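Protein chains in written order, with this note's numbering: chain A, 2 to 364; chain B, 2 to 364.
From the three backbone atoms N, C-alpha and C, an ideal C-beta is built for every residue, glycine too.
Every value quoted in this text rests on a predicted model; they were computed, and no experiment measured them.
Contents: one structure, followed by commentary.
Protein chains: 2
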Amino acid sequence: MPPRRMGSDVRRTRPRASSSGNPTLADVAARAGVSLATASRVLNDSTRKVGPEHRERVVRAARELNYRTDLSAQAIARGSAPVLALLVSSIDDPYFSAIAEGVAESAHAHGVIVTIAITARDSERELTSVRTIRGQRPRAILISGSRISGNPHTGELLEELRAFTAGGGRTLFLSQSVGGLGAVRPANSTGAQDLGIAVSRLGYRRAAVVTGAAHLESVAERTEGLRRGLATGGGKIALVEGDSFDRSGGYRATRRLIESGRIEEVDVLCAGNDFMAVGAMTALRDSGIQPGRDVAITGFNDIETAADVTPQLTTVRFPLAEIGRRGADLALDPSTPLTEDICVPGEVILRASCPPRTPHRTA
Amino acid sequence: MPPRRMGSDVRRTRPRASSSGNPTLADVAARAGVSLATASRVLNDSTRKVGPEHRERVVRAARELNYRTDLSAQAIARGSAPVLALLVSSIDDPYFSAIAEGVAESAHAHGVIVTIAITARDSERELTSVRTIRGQRPRAILISGSRISGNPHTGELLEELRAFTAGGGRTLFLSQSVGGLGAVRPANSTGAQDLGIAVSRLGYRRAAVVTGAAHLESVAERTEGLRRGLATGGGKIALVEGDSFDRSGGYRATRRLIESGRIEEVDVLCAGNDFMAVGAMTALRDSGIQPGRDVAITGFNDIETAADVTPQLTTVRFPLAEIGRRGADLALDPSTPLTEDICVPGEVILRASCPPRTPHRTA
DNA sequence: GAAGAATGGGATAGCGCTTTCCCGTTTCGG
DNA sequence: CCGAAACGGGAAAGCGCTATCCCATTCTTC
């Protein structure tokens, strides 16, 4: 005996109409006088043909009701959601926002929704974010600028990603690679090497590297690349000073170099990124040293500011939006495996902060 | 007669287990040896009590399976999704990314997911984005920097928003208000007025306004505020030059001022935003006019770059992230009506680009 | 013209959850 | 002690869709 609802049993001829709230497909079908199936077929231009008469009626009904398919319902019925999740440490950072822009661009082209989560460089928050994201059953998750390796939550995080992949999801890292998982990232190493070569050509021989925390992969890559590049001209990295990876870090590190007198030993100061370079410039200037003339400066990334500071900053430009776009393209194309690192080359941008070196150092 | 599936009818004692893919609540329930209802109750700490024995079993099963609730299913079952949609014209713009950061912050605190859509200042794309967003049935949609008014799609767009609101959604504008709908925005008018007053106090009397398209509400507000502020010191806006709202626009507009000689008529150049100010500086410098000394410069917004350019830029700072945060807070609190404009005050930041005016203009 | 193949439409079984009912046990107050 | 209330658990009815079956017609093709 089939179970029964307690209420009457009479109606249920046509799909119920939802009196308030958003119109449902049932409302559309009812108004068009067709079945749910037909309405669905029309609205999703399925392969099944629908008579022009019915088709027209459904389209009109949908328009009149201003119907919009409930994506959650669609996702659950279809078994997959047209969603791409993006995890960034901060969106209020030109580096990541450029990547995000590219990601959004690609997602839009693929007709996919982007959900974004920011981790504020907090590994615990990163973990909870990934968990929440996993609940969305997105097609892919893109992680940019994480602290996944070497933190108290690394294990759980990787386990979470593993589970995600096991459930059919795709994971891709942007701007850094993490243990064996695929990544699209700037060719830090090559870019730094090219910068080193360029700087060498300009006549510089002894560099101070002012950079971020040594455990960051990108820091190591850039430093090493720079070393190789300088070596081509017989130059070298004379000293390395580390601090936080931002403007104030650049300021402080440079300050220390100046106060200890070590700044005298170098002819070019290579900062780990443009923010640090800008901080370094200010530190130099505060001590009466003129950046670009007394000491050359280089940055990394070519943030928009780089061309606005005085002197304009020599740096290495990476097509960040392009990295985001390619990453998303890749992640959304189920046919490609996501296992290898793809390095996107950068371009050395020579500007006034690093002029051809005159043989006599004006100290 | 109840309809039957064609297959056997035997099983269906315990919830089915999904062999592959993501574990479902049924899997958890099965593993814990309880019903779906109990499993759900435990996992959502519902008001209904569950015995400690069962509770423990469910929690363990969930952990072992690395179960993560399917948010789409939850959304459809509950009738609402824990989602906040953000619509911005671009995310790769410090102005919007700062707002977005605040929004994400608030959303995180509320345990809500953020989906983001970028419109690239294209009204058609804006329309399709709102349509897609509506399909997500988000709790609220936040619109920042749109072209909603005065474009070929305005009507459809407003209709779409109306339908969204009718369906129980909440709409809020950030950084600009649109026809009667609520907004959280910078106090452009007051901020500009304060800037005008400050500039007046420093001794400036004749200003050139270099700004974006006149139809933008913010442009009008800022210009008008500036006028009032200058008037307090007997100063005035001597001329207005418009161009695109970015760096190159600032450059071009200023260029025209210089070439026509009109630049001679003013002692301060007030740009519509910091980007334009930076462009203006470059244009001046290219013509041998030294910004800050020969002509003072002011910007608007205090983007990070503002403190890095030379001379450092005098501007008006708005707590953009705060605007985003408050907007999201408001939008996510169903008890507040979303009808009025909330203006967040700015703060004049005086820097070297606008030094106290010396009586003799060094031309 | 009759058998077989398209054709186009409807009924309905899920999808993975939540939540309302409903029911067997305990616990209590009187 | 007995009936009432409280407690804890399970069955199953949806939520708004999609897609699979199934069926009544209309075309084909010898």
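For B/A297, the enclosing beta strand (DSSP E) starts and ends at A297 to T299.
Contact between B/P357 and B/G170 does not hold, since their C-beta atoms are separated by about 52 Å, which reaches or exceeds 8 Å. Around the CB of B/P335, fewer than 16 other CB atoms lie within 10 Å, so the residue is classed as exposed. Annotation: the continuous beta strand (DSSP E) that includes A/S145 extends over A141 to S145. In summary, A/P139 is buried, with 16 or more beta-carbon neighbours lying within 10 Å of its beta-carbon over all protein chains present. 8 Å or more divides the Cβ of B/S145 from the Cβ of B/I119.
Residue pairing of A/A184 in beta bridges, as defined by DSSP: A/F174 and A/D342.
The shortest C-alpha to C-alpha distance from A/M277 to any of A/L227, A/D303, A/S261 and A/E260 is the one to A/D303.
If you draw a straight line from the Cα of A/A281 to the Cα of B/V296, it is about 28 Å long. For the pair of segments examined, the region 48-56 of chain A was found not to touch the region 67-81 of chain A: the number of CB pairs separated by less than 8 Å stays below three.
A/L217 and A/I100 do not touch by the CB rule: their CB atoms are close to 16 Å apart, not below 8 Å.
The beta-bridge partner set that DSSP reports for A/L85 consists of A/V115 and A/A141. Taking 8 Å as the threshold, the shortest C-beta distance from A/I149 to chain B does not fall below it. For A/T212, the enclosing beta strand (DSSP E) covers residues R207 to T212. Following the DSSP letters along the chain, one finds B/T191 inside the alpha helix (DSSP H) bounded by residues N189 to R202. Of the residues B/V345, B/K237 and B/E161, the one whose Cα lies closest to the Cα of B/I198 is B/K237.
At the C-beta level, B/I343 and B/V185 come within 8 Å of one another. With contacts defined as CB atoms closer than 8 Å, A/S201 and A/T233 qualify as a contacting pair.
From the listed residues B/T359, B/G230 and B/Q313, the smallest Cα separation to B/L351 is found for B/Q313.
In terms of CA proximity to A/A307, A/A353 leads the group A/A353, A/N152, A/V29 and A/S130. With respect to the 8 Å criterion, B/V29 and B/A78 are not classified as neighbours on the basis of their beta carbons.
Residue pairing for B/R228: DSSP places it in no beta bridge. For A/D303, no chain B residue has a Cβ inside 7 Å of its Cβ, as the nearest lies near 13 Å away.
Judged by DSSP secondary structure, A/R49 falls outside any beta strand (DSSP E); it is assigned neither H nor E.
A Cβ-Cβ separation of about 6 Å places B/P153 in contact with B/S124 under the 8 Å criterion. Secondary-structure assignment with DSSP links B/G243 through a beta bridge to B/T212. For B/N23, at least one C-beta of chain A is nearer than 8 Å to its own C-beta. Going by C-alpha positions, A/D195 is about 25 Å away from A/E265. Contact of A/R318 with chain B is not assigned, every C-beta pair being separated by 8 Å or more. Pairing B/A167 with B/D330, the inter-Cα distance amounts to about 21 Å. Here the alpha carbons of A/L158 and A/E127 stand approximately 8 Å from one another. Separation of A/A86 and B/V84 (C-alpha to C-alpha, rounded to the nearest whole angstrom) is 13 Å. Under DSSP, B/A38 shares a beta bridge with no residue. In this structure B/A332 is not in contact with B/A188, their Cβ atoms being roughly 20 Å apart against a cut-off of 8 Å. A/E348 and B/A193 have their alpha carbons spaced roughly 40 Å apart. The C-beta of A/Q291 has fewer than 16 other C-beta atoms within 10 Å across all chains shown, which makes the residue exposed.
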